[in-house]
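Residue numbers (the working numbering): 13 to 140.
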Amino acid sequence: MSSRSGEPKSAGRRDAGLHGTVRSSETLANVFAALGDPTRLKLVAVLCAGGALSIAQLTANTDISRQGVTKHLQVLADAGLVRDLKLGRERLWQLEPEQIEEAKRTLDIIGRQWEVALGRLKTFAEKR
């Protein structure tokens with residue numbers, strides 16, 4: 013449905029109970045999609061524990077090629093979860109904590125909404 017200005021009514025509005033605009037919801041969807049891959053999730057965990065690391069360090073003790081890790085890191089970078097740093101000739105990768113925190117806040121909000129919904133369902137069931 014469109015408003016008088018011709019824009020969809022949902023354009024730019026806040027999601028019910030979530031902070032940010034619909035556009036930020038799309039960004040968060042990209043974040044969660046990027047984290048939905050086990051290899052990328054493992055890379056994030058390694059970066060959480062080890063700080064800024066090179067591709068060689070990230071591929072150590074894994075069956076993943078440097079090219080494979082690079083592709084996964086690019087997906088994470090496109091989602092805003094990691095960024096690369098040039099240190100001399102070396103390229104290091106590190107987490108972008110702001111995007112991780114935003115995803116965590118969103119999951120916390122969804123969790124609270126879920127608890128409220130379950131409480132309403134319980135109350136409804138007990139009245140029957």
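Idealized CB from N, CA, C, for every residue including glycine.
Going by beta carbons, R95 and E114 fall outside the 9 Å limit. A direct Cα-Cα distance of roughly 37 Å separates A72 from I121.
For E102, there is no enclosing alpha helix (DSSP H); the residue is found in the beta strand (DSSP E) stretching over E102 to L107. For S37, the three-state secondary structure derived from DSSP is helix. Here the alpha carbons of A57 and L119 stand approximately 18 Å from one another.
In the DSSP assignment, D90 falls within the unbroken alpha helix (DSSP H) covering R78 to D90. Beyond the five residues adjoining it in sequence on each side, I67 comes within less than 8 Å, by CB distance, of R78, V81, T82, L85, R103 and W105 in the same chain, given in chain order.
Around the beta carbon of A46, 16 or more other beta carbons sit within 10 angstroms, so the residue counts as buried.
If you draw a straight line from the Cα of D49 to the Cα of A61, it is about 19 Å long.
Boundaries for R140: no beta strand (DSSP E) harbours it, and the DSSP string shows neither H nor E there. Here L40 is buried, its C-beta having at least 16 other C-beta atoms within 10 Å.
In the three-state reduction of the DSSP assignment, L93 falls in the coil class. 9 Å or more divides the Cβ of L97 from the Cβ of A137.
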